[in-house]
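K.L.:
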Amino acid sequence: MKPRSLALLLTLAPATLGAVEYTPRMADARWTVTTDDNLCELAQYIPRYGTARFLTRPGQPVQFNVEVRTSLPEPDVGHLALRPPRWRHDLRNRDLEAVHLHAGDTLLTLRRDRALEVYYALETGHEVILTHPDAGRGADAVRVVLSPVRFREVLADFRACQGDRVYLDFVSLEDWRVHFDFDESEMRDEDEFSLGQVVRHLMNHPDRRVVLGGHTDEQGSVQYNQGLSLRRAQAVQRLLRQEGIAADRIETRAFGETWPLDPDSNEAAWALNRRVDIWVTR
9 MKPRSLALLL
19 TLAPATLGAV
29 EYTPRMADAR
39 WTVTTDDNLC
49 ELAQYIPRYG
59 TARFLTRPGQ
69 PVQFNVEVRT
79 SLPEPDVGHL
89 ALRPPRWRHD
99 LRNRDLEAVH
109 LHAGDTLLTL
119 RRDRALEVYY
129 ALETGHEVIL
139 THPDAGRGAD
149 AVRVVLSPVR
159 FREVLADFRA
169 CQGDRVYLDF
179 VSLEDWRVHF
189 DFDESEMRDE
199 DEFSLGQVVR
209 HLMNHPDRRV
219 VLGGHTDEQG
229 SVQYNQGLSL
239 RRAQAVQRLL
249 RQEGIAADRI
259 ETRAFGETWP
269 LDPDSNEAAW
279 ALNRRVDIWV
289 TR
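Just so we're aligned, residue 9 is where the sequence shown starts under this note's numbering, counting upward by one.
1. Quick check on this structure: which residue in V150, A168, R91, N73 has the alpha carbon closest to the alpha carbon of L8?
2. Can you say whether S155 is buried or exposed, counting buried as having 16 or more other CB atoms within 10 angstroms of its CB?
3. How many whole angstroms separate the CB atoms of R216 and L181, which I take to be in contact at a CB cut-off of 8 Å?
4. Would DSSP call R208 helix, strand or coil?
5. Select from T139, R91, D36, T78 the residue whose C-alpha is nearest the C-alpha of D113.
6. Closer than 8 Å by C-beta to P83: which residues in its own chain qualify, once you throw out the five before and the five after it? Chain order, please.
7. Mind checking which residues open and close the alpha helix (DSSP H) that includes N310?
8. Buried or exposed for Q234, going by 16 or more other Cβ atoms inside 10 Å?
9. Any idea what DSSP makes of L181, helix, strand or coil?
10. Would you give the residue range spanned by the alpha helix (DSSP H) that R240 belongs to?
11. Between the alpha carbons of R91 and W267, how many angstroms are there, rounded?
12. Drop a sphere of 10 angstroms on the beta-carbon of V85, count the other beta-carbons inside from all chains shown, and report buried for 16 or more, exposed for fewer.
13. With burial defined as no fewer than 16 other Cβ atoms inside 10 Å of the residue's Cβ, what is the status of P32: buried or exposed?
14. Per DSSP, what are the beta-bridge partners of I286 in this structure?
15. Do G133 and P81 have their beta-carbon atoms positioned less than 9 Å apart in this structure?
16. For R239 and R151, what's the separation of their Cα atoms in angstroms?
17. According to DSSP, is R2 part of a helix, a strand, or is it coil?
18. Helix, strand or coil, according to DSSP, for H130 in the structure here?
19. Check this for me: beta carbons of E135 and R122, under 9 Å apart or not?
20. Considering only their Cβ atoms, is the gap separating A262 from L3 smaller than 9 Å?
21. With a 10 Å radius around its C-beta and 16 neighbouring C-beta atoms as the bar for buried, classify F201 as buried or exposed.
22. Based on Cα-Cα distance, which residue from A168, V28, C48, I253 lies nearest to R208?
23. Taking C-beta to C-beta, are Q245 and T260 nearer than 9 Å?
24. Quick check: the Cα distance between L138 and E29, rounded to an integer number of angstroms?
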């Protein structure tokens, strides 16, 4: 073939577009809450792509769906990752596991544990990145960015719809609570009795596990309180481990200042809100 003819063919050959990215613009990024008697939904619309939704129904744990305008022709595999927004220098990138993708309008469905992983990532300020094969757009891949902007602003409405079901996405068989001093992550001596009760219960019921939910008062920055609530949950976790409770029976969650027992802004309320909730479940 003549060089001139080859050059013409190369010019006319279709070129791939690399990875096409879909994400809401900063000004348009928002999460909305929809409620009725049988459904609570927390959703973000991604222009030209589809919608990401957290869904729960009475008696069911939280679920996460991604619904698309252009479906895959057959099931495939995608990948999830966490990325800090450009204005958050305190967060790090993190790769999550591969996810199974479906052909049809609902591309992705994540059940309880993995749905909560995405939920907490957005709550702590991460962007959630879903990468998957292209469905006929002429690109190498599609990258979808879920924005954390305004996510925390609507959580109160979502939780009000859910009652206990958002963070008690399990059946709590027994529960205890321990409190902390201001800006402290070490347990107080007076709470050791409660922790002893937890240990005895878990020893007597080896089929059960424990979920530790760390909380703070509203004082301090959101980022600092998120870390402090995690340190409080981890402090209780260490004490349970020291008493012989296996690591795979303990789950820690960090809620920062987002779920106060008392919403007032005074010392009595703050003292009540500095806590770790201890839930025993199966």
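All C-beta atoms, glycine included, are put in the ideal place defined by N, C-alpha and C.
P.N.:
Taking the coordinates as given:
1. There is simply no residue 8 to check, as the chain begins at 9 and stops at 290 in what is shown.
2. The count along the sequence shown starts at 1 and reaches residue 155 at position 147. Buried, since its Cβ has 16 or more Cβ neighbours within 10 Å.
3. Here residue 216 refers to the residue found at position 208 of the sequence shown. Here residue 181 refers to the residue found at position 173 of the sequence shown. About 7 Å separates the two Cβ atoms, so the contact holds.
4. What you label residue 208 is simply residue 200 of the sequence shown in a count that begins at 1. It is helical.
5. The residue you call residue 113 lines up with position 105 of the sequence shown. A check of alpha carbon separations from D113 across T139, R91, D36, T78 identifies T78 as the nearest.
6. If you number the sequence shown from 1, residue 83 lands on position 75. Cβ within range, chain order: H108, L109, H110, A111.
7. Nothing can be reported for residue 310, as the shown portion of the chain is limited to 9 through 290.
8. Position 226 of the sequence shown, counting from 1, holds the residue named residue 234. Result: buried.
9. For this step, residue 181 is matched to residue 173 along the sequence shown. L181: coil per DSSP, three-state reduction.
10. Position 232 of the sequence shown, counted from the start, is the residue given in the question as residue 240. Its alpha helix (DSSP H) spans residues 230-250.
11. Numbered from 1 along the sequence shown, position 83 holds the residue referred to as residue 91. Numbered from 1 along the sequence shown, position 259 holds the residue referred to as residue 267. R91 and W267: Cα-Cα distance of roughly 25 Å.
12. What you label residue 85 is simply residue 77 of the sequence shown in a count that begins at 1. By the 10 Å Cβ count, V85 comes out exposed.
13. Counting from one through the sequence shown, the residue named residue 32 turns up at place 24. Answer is buried; the Cβ neighbour count reaches 16.
14. Along the sequence shown, one-based indexing puts residue 286 at 278. In the DSSP output, where bridge partners are listed per residue, I286 has W184, L220.
15. Translated into positions along the sequence shown, residue 81 becomes position 73. Translated into positions along the sequence shown, residue 133 becomes position 125. It is not a contact, given that the beta carbons lie outside the stated cut-off.
16. Counted from its first residue, the sequence shown places residue 239 at position 231. Counted from its first residue, the sequence shown places residue 151 at position 143. Going by the C-alpha atoms only, they are around 33 Å apart.
17. Within the shown structure, residues of the chain are numbered from 9 to 290, placing residue 2 beyond reach of any answer.
18. In the sequence shown, counting from the first residue as 1, residue 130 sits at position 122. According to the sequence as given, residue 130 is Leu; it is not His. Here L130 sits in helix by DSSP.
19. Residue 135 sits at position 127 when you count from the first residue of the sequence shown. Residue 122 sits at position 114 when you count from the first residue of the sequence shown. Against a cut-off of 9 Å, the Cβ pair of R122 and E135 comes out as no contact.
20. In the structure displayed, the chain extends from 9 to 290; residue 3 sits before or after that span and is not available.
21. Taking the sequence shown and counting its residues from 1, the one referred to as residue 201 is at position 193. By the neighbour-count rule (16 or more Cβ atoms within 10 Å), F201 is not buried but exposed.
22. What you label residue 208 is simply residue 200 of the sequence shown in a count that begins at 1. Minimum Cα distance to R208 is reached at I253.
23. Your numbering for residue 245 matches position 237 in the sequence shown. Your numbering for residue 260 matches position 252 in the sequence shown. Cβ atoms of Q245 and T260: closer than 9 Å.
24. Taking the first residue of the sequence shown as position 1, residue 138 is located at position 130. Taking the first residue of the sequence shown as position 1, residue 29 is located at position 21. Going by the C-alpha atoms only, they are around 10 Å apart.
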